[in-house]
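A short worksheet on the structure shown next.
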Amino acid sequence: MTLILLIEQVLNGLQAGVMLFLMAAGLTLIFGVMGLINLAHGSLYMVGAFAAAAVAGATGSFLLALVAALAAAAMAGALVERLVIRRLYGRDHLDQVLATFALILIFSEGTRWAFGSFPLFLDIPEALSGPVTLPGGILYPLYRLVLIGIGLAVAAGLYLLIFRTRIGIRIRAGENDREMIAALGVDIGRLYTGVFALGAALAGLAGALVGAIQSVQVGMGEPVLILAFVVIVIGGIGSIRGALVGALLVGLTDTLGGVLLPQLFGLFMETSAATRTGSALGSMAIYVLMAAVLVWRPTGLFGARA
Numbered sequence: 001m002t003l004i005l006l007i008e009q010v011l012n013g014l015q016a017g018v019m020l021f022l023m024a025a026g027l028t029l030i031f032g033v034m035g036l037i038n039l040a041h042g043s044l045y046m047v048g049a050f051a052a053a054a055v056a057g058a059t060g061s062f063l064l065a066l067v068a069a070l071a072a073a074a075m076a077g078a079l080v081e082r083l084v085i086r087r088l089y090g091r092d093h094l095d096q097v098l099a100t101f102a103l104i105l106i107f108s109e110g111t112r113w114a115f116g117s118f119p120l121f122l123d124i125p126e127a128l129s130g131p132v133t134l135p136g137g138i139l140y141p142l143y144r145l146v147l148i149g150i151g152l153a154v155a156a157g158l159y160l161l162i163f164r165t166r167i168g169i170r171i172r173a174g175e176n177d178r179e180m181i182a183a184l185g186v187d188i189g190r191l192y193t194g195v196f197a198l199g200a201a202l203a204g205l206a207g208a209l210v211g212a213i214q215s216v217q218v219g220m221g222e223p224v225l226i227l228a229f230v231v232i233v234i235g236g237i238g239s240i241r242g243a244l245v246g247a248l249l250v251g252l253t254d255t256l257g258g259v260l261l262p263q264l265f266g267l268f269m270e271t272s273a274a275t276r277t278g279s280a281l282g283s284m285a286i287y288v289l290m291a292a293v294l295v296w297r298p299t300g301l302f303g304a305r306a
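In full-length UniProt numbering, the protein residues as written are 1 to 306.
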């Protein structure tokens, strides 16, 4: 592997990582504040992607598509929280898993009914299309660099919201002692709805942004949801900083493992079977990483120590 190819794959890993962060941040917020296992979070990612594709197709504006993705996912999240999730607080995690799994089926069939079974395509805006030349003569797609910048900007904004605002104080207090902040006069129901809508909006934004570099189709959120769960386990449940670090680690490990391991096995053994073995191990790399982190830190990198 050449140095240029390695740098390109590192950038691809960073881009995948920051998009995973948008998913994992909402998921860890919801679990940390509400104690809720939300398997339907990937469906909100899909809702954002389909809303963006539909609006972009109707208006030709990528900016309006992003606004539509944020609004549609946030409204869907708030509606789901009020109608379904609110009845699950304090229930057994198995009840939460079954209820949110049912929501996956409802969202999937509803999306198929509204948009059909065929994939939709969201075009990269013309101003962001094409490559740019990086130091060293490396050509890299401008849109992917913009995705990295957007992800890092959202991470900074989320940090400021959680740690520098009164709303953030309430969110952190709700995570630590929800009964106490309710006794102090905070409307816990409105807080929960807001947190759920925020997490849904982040997932919808990720779906819209990624939808421009892959097809938008029913069920696209479930594979990303699995990776998001891996991220919050590695980073530590309830930690925004852990979600960012975990997402970057997973993105880089998945991308580099999928490229480097097949080449290494092929270099030493020079058989197709060796290359296939390397590909299989590359796919397993993120789970090996998760296991190693849990052996070292059972609560994750930035999770609270037991």
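Beta carbons: idealized from backbone N, C-alpha and C, even for Gly.
Range of the contiguous alpha helix (DSSP H) that encloses residue i
i	result
Leu-139	Taken as a continuous stretch (DSSP letters only), Leu-139 belongs to no alpha helix (DSSP H), being part of the beta strand (DSSP E) at 138–141.
Arg-82	62–83
Ala-40	Note, Ala-40: premise wrong, no alpha helix (DSSP H); not H, not E.
residue 307	Nothing can be reported for residue 307, as the shown portion of the chain is limited to 1 through 306.
Beta-ladder partner(s) of residue i, from DSSP
i	result
Leu-120	Val-216
Val-132	Tyr-140
Chain-order list of residues whose beta-carbon lies under 7 Å from that of residue i (same chain, five-residue window excluded)
i	result
Arg-241	Phe-302
Leu-6	none
Three-state secondary structure (DSSP) of residue i
i	result
Ala-306	Its pLDDT being 45, under 50, Ala-306 is placed unreliably in this model, and the value from its coordinates should be taken loosely. Reduced to three states, the DSSP call for Ala-306 is coil.
Pro-125	coil
Tyr-89	coil
Asp-187	coil
Ala-49	helix
Ala-206	helix
Leu-6	helix
Leu-11	helix
Leu-301	coil
Rounded Cβ spacing between residue i and residue j (contact assumed at less than 8 Å)
i	j	result
Ala-206	Met-23	5 Å
Gly-157	Ala-49	21 Å between Cβ atoms; not a contact.
Gly-199	Ile-188	The pair is not a contact, with the Cβ atoms about 16 Å apart (cut-off 8 Å).
Gln-15	Arg-144	5 Å
Ala-53	Leu-120	4 Å
Beta-carbon proximity list for residue i, same chain, < 6 Å, skipping 5 on both sides
i	result
Leu-248	Gly-17
Gly-168	Leu-161, Ile-162
Sequence-distant residues of the same chain with beta carbon closer than 8 Å to residue i, five excluded per side
i	result
Ile-286	Leu-227, Val-230, Val-250, Thr-253, Asp-254, Gly-257
Leu-11	Tyr-140, Arg-144, Leu-145, Ile-148
Ala-74	Ala-197, Leu-198, Ala-200, Ala-201, Gly-204
Met-180	Ala-173
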